[in-house]
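Here the structure is laid out as structure tokens; the discussion comes afterwards.
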Amino acid sequence: MDEEEVNARFEKIDERLNALENKEISIANPWVNSKKKSVKEFIIEKSPKDGVQSATCIAYYLENFENKKILTSKDIQKCFKDAKLPTPPNVPDKVQKAIGRGWIAKNKNRGEFYLTQKGEKMIEEGFNKNGVN
17 MDEEEVNARF EKIDERLNAL ENKEISIANP WVNSKKKSVK EFIIEKSPKD GVQSATCIAY
77 YLENFENKKI LTSKDIQKCF KDAKLPTPPN VPDKVQKAIG RGWIAKNKNR GEFYLTQKGE
137 KMIEEGFNKN GVN
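Each residue of the sequence shown is one higher than the last, beginning at 17 in our numbering.
This is the structure in structure tokens:
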């Protein structure tokens, strides 16, 4: 290696080192926020106003916290029961209304559905921010 190659190599190393030094390094503390959020905590945090919004919240929770991508009305009912929250009457109807609003979509198999991008955005931004009451 000649002097020119060595200098070029040192310059690249120096650039990478400077880039690393300028980055904000965050070391996660394994003891902070290590507990999983419960479905009840999540629903309370999102403050849904009705059964349709609650069903959509639960669909979001199941997809994002339980990694369940395909859902059924029974999954939604079970979450209400597990959270010890009042189950709205006729959960399949609430799911159908969420489908009508574009928050949930039917899957290829009968009785199965999934959360849409619109539904996900609605939950993440909040119902009130999106003009939903």
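Don't be surprised by glycine CBs; every beta carbon is placed ideally from N, CA and C.
Closest Cα partner of residue i within the set the options
i: V107; options: V22, E61, D66; result: D66
i: L87; options: E21, A121, Q133; result: A121
i: K56; options: F96, V22, R32, N83; result: F96
i: G116; options: F129, I59, N125; result: F129
i: S89; options: I59, N123, F58; result: N123
i: P105; options: A35, I60, E31, V68; result: V68
DSSP beta-bridge partners of residue i
i: K122; result: F129
i: T88; result: E128
For residue j and residue i, believed in contact at Cβ under 8 angstroms, the rounded distance
i: D91; j: K84; result: 7 angstroms
i: K52; j: F81; result: 7 angstroms
i: T103; j: W119; result: Contact doesn't hold; Cβ gap of about 19 angstroms is too wide.
Run of the alpha helix (DSSP H) containing residue i, from where it starts to where it stops
i: E61; result: 55 to 62
i: F81; result: 67 to 81
i: A114; result: 107 to 116
Checklist entry - Counting Cβ pairs, one atom from each stretch, are 3 or more of them under 8 angstroms apart for the segment 72 to 79 and the segment 125 to 143? => result The segment 72 to 79 is in contact with the segment 125 to 143.
Item to check | the segment 53 to 73 touching the segment 110 to 130, judged by at least three CB pairs closer than 8 angstroms | outcome: Yes, the segment 53 to 73 touches the segment 110 to 130.
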